[in-house]
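Each number in my numbering corresponds to the 1-based position in the sequence shown with 6 added.
All residues carry an ideal CB built from backbone N, CA and C; glycine is no exception.
Structure first, then comments.
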Amino acid sequence: MSEPEFLKSTDTFIRRHLGPTDADIREMLALLGHQSLQALSGSIVPGDIQLNRELNVPSHRGERAALQDLQELAAENHVYRSLIGMGYYDCATPGVIQRNILENPGWYTQYTPYQAEIAQGRLEALVNFQTMVADLTGLPLANASLLDEATAAAEAMAMCAAIVRSSGQERQEFFVSQDCHPQTIAVLQTRAEPLGIELHVGRTNAIEFTKEKFAGILLQYPATDGYVGDYRDIVTRAHEAGMLVVVATDLLALSVLRPPGEFGADIAVGSCQRFGVPLGFGGPHAAFLAAKEEYKRQMPGRIVGVSKDRDGHVAYRLSLQTREQHIRREKATSNICTAQVLLAIMAGMYAVYHGPEGVRRIAERVHGLAAILAAGLRRLDFEIGTEVFFDTLRVRTTKAQADQVVLRADEQRINLRRYEDDSLGIALDEMSTEGEVCRLMEMFAGHERLPFTVAELADSAVTPFPANLARTTPYLTHEVFNRYHAEHEMLRYLHRLQSRDLSLTHSMIPLGSCTMKLNATSEMLPVTWPEFSRMHPFAPGEQSKGYQELFRQLEGWLAEITGFSAVSLQPNAGSQGEYSGLMVIRAYHRSLGEFHRDVCLIPVSAHGTNPASAAMVGFTVVPVACDKQGNVDLTDLEAKAVQHRERLAALMLTYPSTHGVFEPAVRRICQIVHTHGGQVYMDGANMNAQVGLCRPGDIGADVCHLNLHKTFCIPHGGGGPGMGPIGVARHLAPFLPGHPVTKLGGAQSIGPVSAAPYGSPSILTISWTYIAMMGRDGLTKATQVAMLNANYMAKRLEKYYPILYTGASGLVAHEFILDLRQFKDSAGIEAMDVAKRLMDYGFHAPTVSFPVAGTLMIEPTESESKAELDRFCDAMILIRAEIQDVIDGRQPRAHNLLKNAPHTAPVVTASTWDRPYSREQAAYPAPWVRDRKFWPHVSRIDEAYGDRHLICTCPPMDQY
């Protein structure tokens with residue numbers, strides 16, 4: 007007997023995630039001439055790769071049920087007070103920042119700020135971040151964040167090699183102080199070897215500057231065990247020997263310690279985690295890199311610069327974009343194409359909220375408590391490893407003493423760091439208290455009552471730093487860091503910036519290859535649950551059983567979805583996934599003794615990060631042509647594979663292709679590569695068209711990275727965070743990334759690629775919840791609806807703009823490319839003009855001029871309703887009519903609606919109006935705009951001016 011209808015659950019997430027109703031789906035299918043979603047997807051996906059069975063993942067769960075299941079996993083995590091340090095510290099996220107940034111879809115659903123006119127809020131916030139980093143490090147140029155401290159150090163190492171190389175020298179050696187965090191050293195070892203950099207790890211006092219030929223040296227300040235040293239002499243000697251100096255540092259410490267820029271460092275790197283960003287078992291966190299201004303062309307990552315718009319107003323934009331991968335490809339500065347924008351904004355706002363005095367008070371309090379603890383431990387006859395420290399102590403103990411202290415700490419639910427020599431590390435932080443310091447001393451004393459009080463110790467504890475180490479210069483002097491300390495003012499500032507940015511809270515963001523889908527609230531809630539957010543990445547394994555089970559389940563689901571044998575969750579960005587996948591392939595070839603395999607074939611349509619990643623692992627990039635239909639040219643592929651068969655390592659393939667079609671010969675492509683000894687790497691950027699319909703592992707791929715911030719619903723966060731785990735075939739599983747602290751991975755592991763063992767674990771809860779709530783039926787339907795939405799839009803727009811590529815059936819996959827190149831000659835209108843005009847209609851532009859110049863690539867995703875799809879199509883149709891007015895001479899070529907777009911409120915409401923169209927046409931070009939107008943904050947930005955006059959710190963407030 008079937009279940010009565012009224013007893014069926016009403017808590018069905020699938021209908022919340024999918025935009026079109028069942029009636030909409032029938033109507034859209036009818037327009038396309040198909041009877042069902044299955045019939046539509048069956049005509050798009052080549053028959054020989056179709057899965058033709060259900061995914062072996064659990065059936066869908068309601069939102070409440072999924073969150074209850076996740077709460078049960080969370081309960082298996084036991085959050086101790088972790089004083090382990092090693093670059094990770096508990097901290098207080100100000101409530102105004104947690105609620106209004108971290109938990110606010112107006113901030114976390116934004117896209118990378120390529121369309122700067124509708125991204126002024128987060129760009130200003132990132133300039134705040136850059137100013138904060140520049141001020142505290144004492145170096146003039148900072149980027150808009152990197153992934154974590156270890157990979158930032160690796161980027162700095164590569165940067166040093168590039169700078170030295172540009173000066174005409176060939177120095178392929180780099181020195182790392184053994185005082186650096188162990189995860190940093192391990193990531194550097196992973197990164198150095200394929201770049202041909204010989205890494206030396208040792209004591210800085212052992213460097214023979216007159217003999218060594220290092221490109222650079224890396225110092226940790228303060229050191230991993232707390233030591234604070236005076237590095238002025240080392241820096242001077244390094245510079246005299248032609249070496250660059252990188253300093254890995256702590257921004258909180260730099261509010262009281264002399265900054266690296268003042269003692270001569272060339273580059274500073276580190277993490278901003280303790281500036282209000284939760285521990286999250288290791289991430290996501292924002293790293294930073296600051297450098298001398300002469301190295302701006304070699305800096306990795308993104309730099310936000312101060313420019314001006316056509317009306318002369320201050321405007322922010324991404325600067326020096328000629329360094330980007332999509333332009334320079336294998337010659338790019340780095341393969342990093344995202345940052346940790348959301349977390350960088352949080353850290354920057356932490357500095358805005360507390361201001362220079364507040365930050366210094368926090369630092370002085372942490373240091374003062376550490377000084378009291380050191381004084382007490384010395385009174386108890388324990389030796390402290392160093393006289394000068396900031397927040398971290400290394401206490402010399404015997405094995406027996408260490409065993410007893412650790413046992414007592416465990417009883418108090420406190421984690422300490424234990425070194426190989428049985429000494430113990432204690433890292434205090436913003437959350438430390440006098441009571442905690444007292445308990446720590448009691449653990450070492452072995453009895454409850456101490457022969458002294460904390461107050462007595464405070465009177466005698468020495469807290470000022472020696473003159474040669476103490477900071478004397480001001481920082482955070484800009485007005486933005488001194489105005490918003492009252493919560494009312496801070497709240498208004500955050501909302502003022504938020505109002506300047508278009509996000510998914512306003513309208514669809516139809517970016518091809520970027521998959522801006524629903525980031526459901528239920529998926530986001532667990533991110534800030536304390537069981538997930540307050541756990542240290544190096545806490546003992548028995549305390550993180552909930553996380554471990556979540557990883558096991560998620561890895562299993564992703565392996566089933568992709569058809570692979572094993573999954574690594576460590577890569578913490580899509581770029582890191584690309585790099586990791588290629589490193590695994592490289593290690594596999596080397597395990598067979600085939601060290602000579604170093605050629606990577608890459609279609610010319612590939613993402614720009616592909617060739618940049620291949621160059622990072624030491625591969626030689628050989629481009630492969632595409633045919634007129636946008637597919638990989640099989641003749642050229644086979645010729646290149648034959649030509650390079652002795653050296654062929656891999657092919658990097660995006661599937662469906664970046665052109666938005668399923669290439670019918672994909673099995674043949676994989677066969678050609680395998681026949682000639684190579685491995686197939688699949689870029690999973692377009693996995694949203696595969697889930698439940700076909701699987702990379704079945705198709706013939708050996709490894710595939712997944713953008714969890716695309717297909718699996720982690721939000722883009724204005725340009726980060728992301729996650730880029732990789733799935734691999736069985737023969738590649740032994741080479742998956744390891745980690746030195748948690749002993750992850752085996753003997754054949756490529757080593758760690760991220761600072762934390764599982765990358766950015768706290769946001770993995772988002773993808774877990776998405777898959778749990780969608781289940782096998784919902785995941786497949788999501789893919790089919792994504793295809794339906796894309797083909798419906800293509801069908802509506804094909805009468806107005808040519809669709810550049812379609813598959814054999816005349817259909818596209820989940821995205822499509824509109825060709826606008828004809829309008830450049832006929833009307834002087836380019837794709838970017840259409841992008842700017844779309845802002846007046848309340849939309850973010852699709853992907854502009856990628857992968858084909860002069861085009862727009864549109865991906866609606868499955869989450870957008872038919873009404874929203876129609877609204878966007880109507881906007882594009884109206885814009886086409888505006889272009890026709892220029893073609894027919896009713897509007898001038900150089901002074902029309904598109905060339906002058908976007909139109910700001912000050913422009914439209916100005917007392918004078920000298921344009922050959924009405925104010926209403928400019929500001930309210932469609933009926934819906936009157937109900938939901940989004941005003942761009944600035945007019946079109948002068949891109950060239952910003953690069954000619956690079957300023958990446960806060961301008962005077964009177965210029966706002």
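Rounded to the nearest angstrom, what separates residue 785 and residue 221 at their Cα positions?
Distance between the alpha carbons of residue 785 and residue 221: 50 Å.
For residue 604, which option in 580, 893, 657 and 17 has the closest C-alpha, if you only look at C-alpha atoms?
657
Measuring alpha carbon to alpha carbon, tell me which of 40, 774 and 58 ends up nearest residue 696.
Of the listed residues, the one whose Cα sits closest to residue 696 is 58.
Just to confirm, are residue 577 and residue 849 a CB contact at a threshold of 9 Å?
no
Are the CB atoms of residue 252 and residue 272 within a distance shorter than 9 Å?
yes
Determine contact between the stretch 515-535 and the stretch 731-739, defined as no fewer than three beta-carbon pairs at a distance below 8 Å.
no
Inspect the CB distances between the stretch 104-111 and the stretch 800-812 and report whether three or more fall short of 8 Å.
no
I think residue 1019 touches residue 541, with their Cβ atoms under 8 Å apart; what is that distance to the nearest whole Å?
The first residue shown for the chain is 7 and the last is 966, placing residue 1019 beyond what the model contains.
Go ahead and pull the three-state DSSP assignment for residue 494.
If DSSP states are grouped into helix, strand and coil, residue 494 belongs with the helices.
When the Cβ atoms of the stretch 700-717 are set against those of the stretch 574-594, are three or more pairs found closer than 8 Å?
yes
Output yes or no for whether 9 Å exceeds the beta carbon distance between residue 121 and residue 506.
Taking 9 Å as the cut-off, the beta carbon of residue 121 is found no closer than this to the beta carbon of residue 506.
Tell me the residue span of the alpha helix (DSSP H) that contains residue 351.
Residue 351 -> alpha helix (DSSP H) spans 347-385.
Based on Cα-Cα distance, which residue from 906, 954 and 219 lies nearest to residue 316?
Nearest option by C-alpha distance: 906.
How many Å lie between residue 259 and residue 225 at the Cα?
15 Å
From residue 165 to residue 449, what distance separates their C-alpha atoms?
45 Å
Determine the closest residue to residue 173 out of 250, 345, 147 and 67, with distance taken between C-alpha atoms.
The shortest C-alpha to C-alpha distance from residue 173 to any of 250, 345, 147 and 67 is the one to 250.
Go through the stretch 95-177 residue by residue and report every complete run of the alpha helix (DSSP H) that reaches 4 residues or more, in order.
Residue ranges of uninterrupted alpha helix (DSSP H) with 4 or more members, entirely inside the stretch 95-177 and ordered along the chain, are 111-114, 126-143 and 155-172.
With a threshold of 16 other CB atoms inside 10 Å of the CB of residue 812, please say whether the residue is buried or exposed.
buried
Whole angstroms is fine: what's the gap from residue 86's alpha carbon to residue 632's?
55 Å
Whose C-beta lies closer than 7 Å to the C-beta of residue 446 among residues of the same chain, with five residues either side of it excluded?
For residue 446, where only same-chain residues beyond five positions count, the Cβ hits under 7 Å are 379 and 432.
From this set, 88, 368 and 752, which residue's C-alpha is nearest residue 574's C-alpha?
Checked all of 88, 368 and 752; the closest Cα to residue 574 is 752.
Based on Cα-Cα distance, which residue from 591, 275, 610 and 611 lies nearest to residue 602?
591
Kindly identify the DSSP beta-bridge partner or partners of residue 863.
Per DSSP, 823 and 853.
Please give me, in chain order, every unbroken run of the beta strand (DSSP E) with length at least 3 that falls completely inside the stretch 554-581.
572-574
Assuming residue 552 and residue 537 are in contact, meaning their beta carbons sit under 8 Å apart, how far apart are those beta carbons, in whole angstroms?
The C-beta distance from residue 552 to residue 537 rounds to 7 Å, short enough to meet the 8 Å contact threshold.
Could you say which of 124, 154 and 561 lies nearest to residue 509 if we only look at CA atoms?
124
Measure from the alpha carbon of residue 641 to the alpha carbon of each residue in 661, 674, 659 and 625, then state which is nearest.
674
What are the start and end residues of each continuous alpha helix (DSSP H) run of 4 or more residues lying completely inside the stretch 889-922, in chain order?
911-914
Between residue 328 and residue 304, what straight-line distance do the alpha-carbon atoms span, to the nearest angstrom?
Residue confidence for residue 328 is low, a pLDDT of 48 falling below 50, so the modelled location carries little weight and cannot support an answer.
In the structure shown, what three-state DSSP assignment does residue 77 receive?
helix
If we count Cβ pairs, one from each stretch, closer than 8 Å, do we get three or more for the stretch 930-938 versus the stretch 295-314?
With a cut-off of 8 Å on Cβ pairs, the stretch 930-938 is not in contact with the stretch 295-314, counting fewer than three such pairs.
Per the DSSP calculation, residue 746 is bridged to which residue(s)?
The beta-bridge partner set that DSSP reports for residue 746 is empty.
Counting C-beta neighbours from all protein chains within 10 Å, is the total for residue 170 16 or more, i.e. buried, or is it exposed?
Burial of residue 170 is indicated by the presence of at least 16 other C-beta atoms within 10 angstroms of its C-beta.
Would residue 922 and residue 897 be called neighbours here (beta carbons separated by less than 9 Å)?
yes
Excluding the five sequence neighbours on either side, which residues of its own chain have a C-beta within less than 6 Å of the C-beta of residue 723, listed in chain order?
Correct list, in chain order: 114, 347 and 348.
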